[in-house]
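This report concerns only the one structure given below.
2 protein chains.
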Amino acid sequence: MSTIKINVREKLLEAAGPVFSEKGFEKATVREICQKADVNLASVNYYFGDKEQLYLEVICLAKQMGVSRAPLPEWTENTPPEQKLEDWVVTLVRRMLGTGELSWSNHLIMREVLRPTQACEHLVQELFRPFVNIADKILLEILGDDVPDYRRMQCIFSIAAQCQFYRVSGGLVTLMLGQEEQKLHYNTEQIIEHILQFSLAAIKNLKHEYLSSEIESSSSLNRI
Amino acid sequence: MSTIKINVREKLLEAAGPVFSEKGFEKATVREICQKADVNLASVNYYFGDKEQLYLEVICLAKQMGVSRAPLPEWTENTPPEQKLEDWVVTLVRRMLGTGELSWSNHLIMREVLRPTQACEHLVQELFRPFVNIADKILLEILGDDVPDYRRMQCIFSIAAQCQFYRVSGGLVTLMLGQEEQKLHYNTEQIIEHILQFSLAAIKNLKHEYLSSEIESSSSLNRI
DNA sequence: GCTTGTTTAATACAATTGTTTAAAACGGTG
DNA sequence: CACCGTTTTAAACAATTGTATTAAACAAGC
């Protein structure tokens, strides 16, 4: 007797998430959402005013789920920065490539990244910028403060770009490789391992570059 | 007397390119295209059958323009592979981030990458796979054949990912950085330079990894 | 000049969209 | 039971879409 009467608002929010994520704002229809939520067609306008307001609330919901779904692990004072960076990348890839029941939130957030609306600014402030700031601190630990700020940000972008690639261009990757090749060498764990190794090498090289330019002559070990 | 009578077909193709690129297939309307082309509404169906056929022909046109717009430079036998890789990256970034009058073709192709339709398979075969094969040969020159094939492909994906990032998430980058910061350190040339340095360091490290694992024990079986 | 095939034009059509409306159903409260 | 505010329902509305239709304009050949 307690669950048969669920709030219509909640039913709408739950039903709208996957639909918006799959179809996008424009192609998603109020009729399909209401049908999936098993409520009357007029309910969206009754409870949310219009379709766009419903969308904004769904985005907010997706943001909360995205954080709680794949949280960063706890670190102690002497956790090495390389370990932190690995955790950070793992978390990012998990959030981006996560599959399963709740993956609609990832898709929806990615849609906002690819084609920002007014909701994206909210995501930047509440989700992206804090997450990037964490990576920035890690890189500061690894690189030291001789490397200028914008160079760290470029590295963060390069890492995030690789994670994003497999989410965004997954269809292309499937078309480029055979499907058996993809299943062999492109599961989530191997993708993570490659991104980490690739990026860590580049970062370490950046550090050496600034080290050697500081010492100038004595260091003969610049890696390239 | 010669130019006042342009083919209606061509007018439609030229007008449809920017519209499809800006709005996407679904949101682009036949009415807007016909209005921009200054032809009658029924012309699309008369010359192309339906909207989708027009779209396919526009994609084909975009592919041709994309290649001719930013071609790869000519190489001689003794062009060093690092130079080739730089040319390759420069070409890819130019094709992806290219602005100006003809940039609608880039946008349109990127739309196909992000959400592949049947037209994408054509793009893979005619545009992406040949271009990736070139990079694969370059990396083979740099890395040698001790590095397995899929590792080269992972590197290519990582490079392409970084190029794609600034095209795909340009709006996000603008939101994350201040606009003045973006204009300072994120113009095309600096993006290219960073991607090159970042990726080349990672690739060289990969080479050293396989070199050392080869030398340290004569048996070549101890990869994992 | 008339005929014939091709192109252009204006309009109509059927389907789908978000939104509104007005009445019915519901749930307490006196 | 009667009343009243809230919620739900079915239907309608206005706008927009791709496409079809039908007739007019045109060009070319005889």
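Chains as they are written, first to last, in this note's numbering: chain A, 103 to 326; chain B, 103 to 326.
For glycine and all other residues, C-beta sits at the position ideal for the given N, C-alpha and C.
Since the model is a prediction, treat every value here as computed from it, not as a measurement.
Cα atoms of Arg196(A) and Ala139(B): separation of roughly 46 Å, rounded to the nearest angstrom. By the C-beta density criterion, Ala144(B) is exposed, having fewer than 16 other C-beta atoms within 10 angstroms.
For Tyr288(B), the closest of Ser260(A), Glu291(A), Glu282(A) by C-alpha to C-alpha distance is Ser260(A).
Three or more pairs of CB atoms, one per stretch, sit closer than 8 Å, so the stretch 214 to 231 of chain B contacts the stretch 274 to 283 of chain A. Remark: three or more beta-carbon pairs, one from each stretch, lie closer than 8 Å, so the stretch 240 to 252 of chain A and the stretch 181 to 188 of chain A are flagged as touching. In this structure, Ile135(B) is the residue among Ala130(B), Gln281(B), Ile135(B), Phe127(B) with its C-alpha nearest to the C-alpha of Glu112(B). For Lys129(B), the chain A residues whose C-beta falls within less than 7 Å of its own C-beta are Glu128, listed in chain order. At a beta-carbon threshold of 9 Å, none of the residues of chain A lie near Met198(B); the nearest stands roughly 12 Å away. With at least 16 other beta carbons inside 10 angstroms of its own, Leu156(A) counts as buried. Across the structure, Ala118(A) and Lys129(A) are spaced so that their CA atoms are roughly 12 Å apart. Going by C-alpha positions, Glu214(B) is about 6 Å away from Cys222(B). Neighbours of Val215(B) in chain A, taken as residues at a C-beta separation under 7 Å, are given in chain order as Ser271, Leu274.
Between Leu210(A) and Phe267(A), the gap from beta carbon to beta carbon reaches 9 Å or more. By the CB criterion at 9 Å, Leu308(A) and Phe233(B) fall outside the cutoff. For Gly272(B), the enclosing alpha helix (DSSP H) starts and ends at 272 to 278. The alpha helix (DSSP H) runs of length 4 or more contained entirely in the stretch 112 to 172 of chain B are, from start to end of the chain, 132 to 139, 145 to 150, 153 to 171. By the Cβ neighbour-count rule, Ser170(A) is exposed, with fewer than 16 other Cβ atoms within 10 Å of its own. Residue-level contact check: Leu187(A) does not touch chain B, since none of the beta carbons of chain B fall below 9 Å from its beta carbon. Rounded to the nearest angstrom, the Cβ distance from Tyr312(B) to Asp248(B) is 5 Å, consistent with a contact under 8 Å.
Annotation: the continuous alpha helix (DSSP H) that includes Arg197(A) extends over 183 to 199. With distances taken between CA atoms, Gly246(A) lies nearest to Lys306(A) out of Leu298(A), Gln137(A), Lys306(A). In the DSSP assignment, Phe230(A) falls outside any alpha helix (DSSP H) and carries neither an H nor an E. In this structure, Gln220(A) lies away from Leu163(A), with their beta-carbon atoms at least 9 Å apart.
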